[in-house]
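Residue numbering for the sequence shown is 1 to 247, as defined by full-length UniProt numbering.
Glycine is no exception: its CB is placed at the ideal position from the N, C-alpha and C atoms.
Everything on this sheet refers to the single structure shown next.
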Amino acid sequence: MVRPYGRGGCFACAQRYSTATRAARGQGQARRVRRVMESIVFDVGETLTRDDRYWGSWADWLGVPRHTLSALVGAVVAQGRDNADAVRLVRPGIDIDAERAAKEAAGAGEQLDETDLYEDVRPGLAALRDAGYGVHIAGNQTARAGTLLRGLELPADSISTSQEWGVAKPDPAFFARALQTAGTAPAQTLYVGDHPANDIAPARAAGLRTCLIRRGPWGHLWTGDAGIPADYRVDSILDLPDILARP
Numbered sequence: 001m002v003r004p005y006g007r008g009g010c011f012a013c014a015q016r017y018s019t020a021t022r023a024a025r026g027q028g029q030a031r032r033v034r035r036v037m038e039s040i041v042f043d044v045g046e047t048l049t050r051d052d053r054y055w056g057s058w059a060d061w062l063g064v065p066r067h068t069l070s071a072l073v074g075a076v077v078a079q080g081r082d083n084a085d086a087v088r089l090v091r092p093g094i095d096i097d098a099e100r101a102a103k104e105a106a107g108a109g110e111q112l113d114e115t116d117l118y119e120d121v122r123p124g125l126a127a128l129r130d131a132g133y134g135v136h137i138a139g140n141q142t143a144r145a146g147t148l149l150r151g152l153e154l155p156a157d158s159i160s161t162s163q164e165w166g167v168a169k170p171d172p173a174f175f176a177r178a179l180q181t182a183g184t185a186p187a188q189t190l191y192v193g194d195h196p197a198n199d200i201a202p203a204r205a206a207g208l209r210t211c212l213i214r215r216g217p218w219g220h221l222w223t224g225d226a227g228i229p230a231d232y233r234v235d236s237i238l239d240l241p242d243i244l245a246r247p
C-alpha cells in the first residue's frame, strides 16, 4: 500500500545471513524450486503491516473522526487516486511533509511495533527462508519506518524503504534497486504487494514475477479483477511456500 510519504536521501540496510547459512538452507523440493524463484520481495503497508494505526493517527492530528478519514481513504482508493488525497480533502492545501514533521516534533509521529504486523508475517517469512528463498522487504515508506521495521528483527535478509533509496514505486528505478538488493534476476524474483498500480503492474513491467495479496483496501477491492497481471493471488503469506513449490 502507498502512504503519503515524502522522498528523502539514499540509504539502504541489509540484514544478511552468511553465505554458509544461506547454503545450508533449502533441501529437497525447496532446492529444486529455487532454480525457478530465488528471492521474494515484500511491500510493507497492508502487505506486512496494518495501516489502521497510521491513518488513525492522522485523523487525530487533523481533528476529524477516524471513521471520516477512513471513509475518505476508501473513496479515493475506489477512484484510483493517491491515498494522500484523503488528507488533502480534510485539509485542502496541506503540506504533508511539513505536517508530518510537525507531528514528529509534537510526539505524535510514526509508530510501528509488533501489534501492527499481520499475524502471518513472522511465520510466513520464516517459512520462506527455511525453504531457501532470499526474503527482502522494500516498500514506499519513510526512513523512520525502515528503522522501526529493522528494530522488529523480522526474518528477512534486507529491509529498505523508498525514502532511504530516494526513489518510490511505481518508478522502474525502485524495482531496479530491489533487484540489486536481492541479487537475483527479474524472472527469479517475486514481488508481493496489495496495490495493482503501484506493486503488480510496475513490478511486472520490470520483469519480476508478481503476487497480489488479498488484504487492505486495494487487495480486497481488486483481487477478483482478472485484468490485473498477477502471476499469483494469495490470502496469506503462509500460502506462498506451497504455491511456489508447484511445478
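- Distances from the CA of I40 to each of V167, D225 and L208 were compared; the closest alpha carbon is that of L208.
- A straight-line Cα-Cα distance of about 12 Å links N83 and W58.
- For V44, no alpha helix (DSSP H) run applies, since DSSP gives it neither H nor E.
- Here V44 has G139 and Q141 as same chain residues with Cβ atoms under 6 Å from its own Cβ, once five neighbours each way along the sequence are excluded.
- In the displayed model, T210 falls within a strand according to three-state DSSP.
- G109 sits in coil when the DSSP states are folded into three classes, being neither helix nor strand.
- Distance between H220 and A106, taken at the CA atoms: about 34 Å.
- The C-beta of H136 has 16 or more other C-beta atoms within 10 Å across all chains shown, which makes the residue buried.
- Under the DSSP assignment, G193 falls in the beta strand (DSSP E) whose first and last residues are T189 to G193.
- Counting C-beta pairs with one atom in each stretch, the region 109–129 and the region 47–56 have three or more that are closer than 8 Å, which means they touch.
- In the structure shown, the three-state DSSP call for T115 is helix.
- Bounds of any beta strand (DSSP E) do not take in S236, whose DSSP letter is neither H nor E.
- Excluding sequence positions up to five before and after R91, its CB lies within less than 7 Å of the CB of L62, all in the same chain and listed in chain order.
- Membership of G134 in any alpha helix (DSSP H) is not indicated; the residue belongs instead to the beta strand (DSSP E) covering G134 to G139.
- By the Cβ test, the region 186–194 is not in contact with the region 70–88, since fewer than three Cβ pairs between them sit closer than 8 Å.
- DSSP places T181 in the helix class (H, G or I) of the three-state scheme.
- Going by beta carbons, E110 and R144 fall inside the 8 Å limit.
- Taking T68 as reference, the option from A86, A226 and L152 with the minimal CA-CA separation is A86.
- For T161, the enclosing beta strand (DSSP E) begins and ends at S158 to T161.
- Pairing T223 with L238 gives a Cβ-Cβ distance that is not under 8 Å.
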